[in-house]
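Encoded as C-alpha cells, the structure appears first; notes follow it.
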Ligand code: FES
Ligand code: FES
C-alpha cells in the first residue's frame, strides 16, 4: 500500500475525496470499506453481520464486476476505484434494477438483513454472465448466509431472470387447487363466534 | 376424508365440503409494505439508526465459566481519553436483577459463564470502548463449573445461585401460570397404561447441543435515560428510559425491563428486525447494560453485540435430557408416558418456565390419545451460556427426545410411523393441559391426518418406507444407503396473550383523494410480513385497497398493547384485534348510512370508502359525506388469550448416508399442514421453508455449539466454525397445505412458523437409522456418531 494523505473513490457514481489519517474526520488506514460506507456516507444498505468475511451481508461491487465483502476490505485500498452499493442499483430514470424487481415479485427475502448482500452478489454474477445455470446461481450465493430461509424464493427470482424457467426447488401444493368441481365460493363474510375471544370460561376477560 | 365418532353418530368430513370464502386480499400474495425499502437498502435496522449525542457501550466479558472476581482494577480504562463510564459490580449505580425469578444481579463479584458480564464501558467511539475493556485488569479465582442439567441437579454439584438451591430453578411462574406453577403432566394411571401396552420402551435421550438460532443482525440497543419523573406512588420519583432495540416485541421487552429496573417507566421502540426466530425478545443483558451506562453518563448509549458475542454469550436453545418410558398398544396408540424431562437453561433462567410448559403441552398434542401420564420436569442452571427463547419454544427440544424414543415401540410393533402419528395426533374434542396449567379442548382441524397423508404422498413415502432400520436404496457398490423418516409436531400458542388495536378510517380533508385507514397497534416486523398482513386484514374487513391502509410505527408508548411476535401468534391475534376494531368502525359508519338511506344496517355494506345499499349498489354515498366533518371513524378491537386451536406440521426427510465416512446428506424434504386459511401465499410458503433455518432440522446432523469442557468456552463462536447450511446445499422442498377454515378468528387461519421445522431433527435421526440399519439416538448425528452406531469405530 502506498502511503498517501488522501484517496478518491467513486461510490454509486459520485466521487468522494477522503483524507487519510488519524485526525478528526479522516479515514484511518485500518478503517474497513463497510464502516466508511455506513458510518461516513450513511449508506446503511450495506449490512454488517459477521464482520469477518463469512456471511456476505456486506457485499458491494467493485469496478463494475467483482463482488467484494466490504467488511474485509480496507477503504484506503480503493483509491481510484469504483464501488457500487445496493443504494446505487436503482436507476433514477429507469427505476429498479431487474434483480430488485424480481426480488419483490417473488418475495425473495424475509427479514431483509441478508438481502442487499444477496442482491449484490447476484448482480455481480449477472454482470459477468447473463444466463447463469441454476447450479452457477447456487454456487455464486454459497457465501451468503440467510437464516430466515429465503433461499427458495431467491433462487426462483434469479432463475426466472436467467431464463431457467424450469429450475424449481420448492413445490407448494395448495389443497384447494386440487379439488375437482369445488363448491362455489361464498359471498359474504361470516363473523366467527370466537372473534371476541369470550367463548371460553378459561380466557381472562 | 376423515372420520370421527361422536357417541353413536359417525360423521364424515370431506375436505371438498368446506366452503372456501372469496376474499379480495386474503390468501393472495401481496408485496410487503417495506419490500422496496428492503431491496434498495433503505430499510432501517437498529444499527442504521443513531440519536443525537450518542456514545457507545462495550462489555468486558469473563474468560472463565465459573469464577470469583478477586480484584478488578479499572483505573487505566478510566484514564483513557474518551471513556465516559466504567461500571463494575463495585460501582453499579443501582442493583438491577437478572432472570425470572430474579436470581442474580446484572454485575456480580462472581461470573457464571464464559462471556458473562464483568464490566460495562461507555466511550465516545466503539474503538475507545473496546480498548478500555482491554485495559481493565481482573484477577479471577476459578470455581468448579457444571455443564449439564444432569450434573447440576446431582447431589454435591457446584452451586450457582443462592436463589436456586441445588441449581433447581422454580418450576412455575405466575406470569405463565396464573393459577399456580405447572410443570408435570399427571393424569390417569400409568401402571394400568403399561398393562394395556403391548410394546414398551425406556431410554434416556438428549438434545443438548444448545445450538444458536443465529439471527444475522446481532442483538443491539440504544438506551437513553430520560431522567427521574414525579410519581404518585414513589415519592422519590421514577426513572424513565427510552430504549430503541432490535427486539421483535417491544411489549415483552418493556415487561421484562420494568421488572428489572426498579419502579421504572420504559419506552421501547423497535425497527425492522434482522432475523430473530423468537430469540431477540427481552434481550435483557444488552438492554440493562446499555441502560445502566446511559444512566451513569446521562447520554444515549448504543450497544451492538459483535457476532462473536452473539454466538458465545447470547441466548441459545435449551438443553434437553429426557428419561422416559412409553407404552404402545397393539393398534399403535400410545397408552402411557412416564418420565422426567431435565432442562438446562444455562447460566440465566429467563422465561424458561413458559418453554417447559409449552414443551409438555406439545407432547400431549402429538400423543393426544394417551390417557396415562406422569411426565415430570426439572429446570437447572449451569455454567453454560444463557439459554433463551428460540423458535420451537421448548417444544422442539422435548419433541426431539420424545419422538426419537417413540421409534422403539413403533419398531417393536413394526408399525408404519405415518399411521401411528396420524392416529395419535390431537383431533377436535381431545383435551390437553397447556402451559398456563389449564385444561383445554381442541376445536382445531379434523384434517391433520389427511394433511400428513397428502404430504407423505407428495414425498413418496409409500415407496420409500420399507420398514424399520431398512434402507430403501443402496448403491451398487454398497457404499451409500438411503432411508426416510418423519416427525409431527404442533403448537397451541397461536392465540396466546391479550392484544388490542384501534382502527381509524381517516377522512380526506380536501375531498379529492381517497381516505385512509390507520391501524394503531404495537407490532414489529421481523420478516414474517406481520405488519403487511395486518393491513391486509383491515383492508379486507373494510373492503378498501391495501395501499390505503397504514399501520403505526411499532413502539410501546403510543400504541395500544400488543404482546408482539411470538408463538406464531402475530397475524392471528393482531389480526383478530384489528378485524374486530375494523368491524366496529364499519358498524358505526353503516349505522350512519342506515339513517341516510333509510334502510336497515344489514342491508348496507362498504366498499372503497363508500357506503352502499347491497341490493341496489347504485345507491351509494362517500363515507365522509355522512360522517362528522373532518372526524375519523374509530373502532376498537381486542383479542383475549385462548389455547384451544392447536396447529400441526408433519415433516418427512429423505437422507443418504455414506456408509464408509458416516456423512449424511438430506436429499429432500416434505411437509404437510392444515393452516386454516392462507393469509398471504408466499409468506406462508416461507414460514414452512423456514424450518430449515434457526437451528431446527440441521441440529440432527451438523449444527451444534461445541463446548470445550476444559475451559468452558464455546469453540464455535464464529460463523466459520459454527456450521450452517449454505445456498448450494438447499434441497427440493415439497409442501402440502390444506385450508379447512379453522375457527380461530374472522379469517380462520392458524400460525405454523413456530414449529415448521421443529419435528425435523427427530425425523432425520429416524431416516439415518433406517438408512444404516442401526439405531442412532445422538444429536447431532455427525459422521463419528453414525459410524459408532454401525460399530465401525
Ligand atoms: S459482514 Fe462482511 S461477510 Fe459478513
Ligand atoms: S431474509 Fe433474514 S436472513 Fe435472509
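Chains as they are written, first to last, in this note's numbering: chain W, 925 to 1129; chain A, -14 to 778.
Yeah, the Cβ is synthetic: ideal placement off N, Cα and C, and Gly gets one too.
| Asked | Found |
| --- | --- |
| Integer Cβ distance of residue 631 of chain A from residue 477 of chain A, believed to fall under 8 Å | 4 Å |
| Heavy atom of ligand 2 within 8 Å of residue 1071 of chain W beta-carbon | yes |
| Closer than 8 Å: residue 385 of chain A CB and nearest ligand 1 heavy atom | no |
| Residue 201 of chain A Cβ short of 8 Å to ligand 2 heavy atom set | yes |
| Residue 1127 of chain W (DSSP reduced to helix, strand or coil) | Reliability of the predicted coordinates at residue 1127 of chain W is poor, the pLDDT of 34 falling under 50, and no value is obtained from them. |
| Interface residues of chain W facing residue 1 of chain A [CB-CB closer than 9 Å] | 1103, 1104, 1105, 1106 and 1107 |
| Closer than 8 Å: residue 512 of chain A CB and nearest ligand 2 heavy atom | yes |
| Beta strand (DSSP E) runs contained entirely in the region 267 to 310 of chain A, provided each spans 3 or more residues | 286 to 289 |
| Coil, strand or helix - residue 482 of chain A by DSSP | coil |
| 9 Å Cβ cutoff, residue 677 of chain A in contact with chain W | yes |
| Host alpha helix (DSSP H) of residue 243 of chain A (start-end) | 235 to 245 |
| Helix, strand or coil at residue 399 of chain A [DSSP, three-state] | coil |
| Cβ-based neighbour list, residue 168 of chain A, same chain, cut-off 7 Å, excluding 5 preceding and 5 following | 156, 157, 341 and 362 |
| Residue 383 of chain A - DSSP class collapsed to helix/strand/coil | helix |
| Coarse secondary structure for residue 566 of chain A, derived from DSSP in three states | helix |
| Residue of A/288, A/415, A/293 and A/268 minimising C-alpha distance to residue 36 of chain A | A/288 |
| Neighbour flag for residue 942 of chain W against chain A, beta carbons, 9 Å | no |
| Residue 1034 of chain W beta carbon near ligand 2 (any heavy atom closer than 8 Å) | yes |
| Secondary structure of residue 90 of chain A, DSSP reduced to three states | strand |
| Under 7 Å from the C-beta of residue 945 of chain W: neighbouring residues of chain A | Simply none; closest approach about 15 Å. |
| Uninterrupted beta strand (DSSP E) stretches inside the region 448 to 517 of chain A (no shorter than 3 residues) | 465 to 474, 484 to 491 and 501 to 505 |
| Proximal residues of chain A, C-beta to C-beta of residue 1011 of chain W below 7 Å | 25 and 26 |
| Residue 589 of chain A - DSSP class collapsed to helix/strand/coil | strand |
| Residue span of the beta strand (DSSP E) that contains residue 1076 of chain W, given as start and end | It is not in any beta strand (DSSP E) - residue 1076 of chain W instead sits in the alpha helix (DSSP H) that spans 1075 to 1086. |
| Range covered by the alpha helix (DSSP H) that runs through residue 754 of chain A | 745 to 757 |
| Pocket of ligand 1 (residues with CB nearer than 6 Å to any heavy atom), chain order | W/972, W/973, W/974, W/975, W/977, W/978, W/979, W/980, W/981, W/982, W/993 and W/995 |
| Cβ neighbours of residue 239 of chain A in the same chain (closer than 6 Å, five flanking residues each side left out) | 251, 253 and 541 |
| Residue nearest to residue 647 of chain A in terms of C-alpha spacing, selected from A/669, A/771 and A/676 | A/771 |
| C-beta atoms of residue 268 of chain A and residue 206 of chain A nearer than 9 Å | yes |
| is_contact[residue 895 of chain W, chain A] using C-beta, thresh 9 Å | With chain W covering only 925 through 1129, there is no way to say anything about residue 895 of chain W. |
| DSSP beta-bridge partners of residue 721 of chain A | W/1097 and A/657 |
| Test: residue 719 of chain A CB closer than 9 Å to a CB of chain W | yes |
| N-terminal and C-terminal residue of the beta strand (DSSP E) that residue 43 of chain A is part of | 40 to 46 |
| Straight-line Cα distance separating residue 611 of chain A from residue 603 of chain A | 17 Å |
| Closer than 7 Å at the beta carbon, the chain W residues around residue 201 of chain A | 973, 979, 981, 1037, 1038, 1069 and 1071 |
| Supposed contact pair residue 655 of chain A and residue 443 of chain A - C-beta distance, whole angstroms, cut 8 Å | 5 Å |
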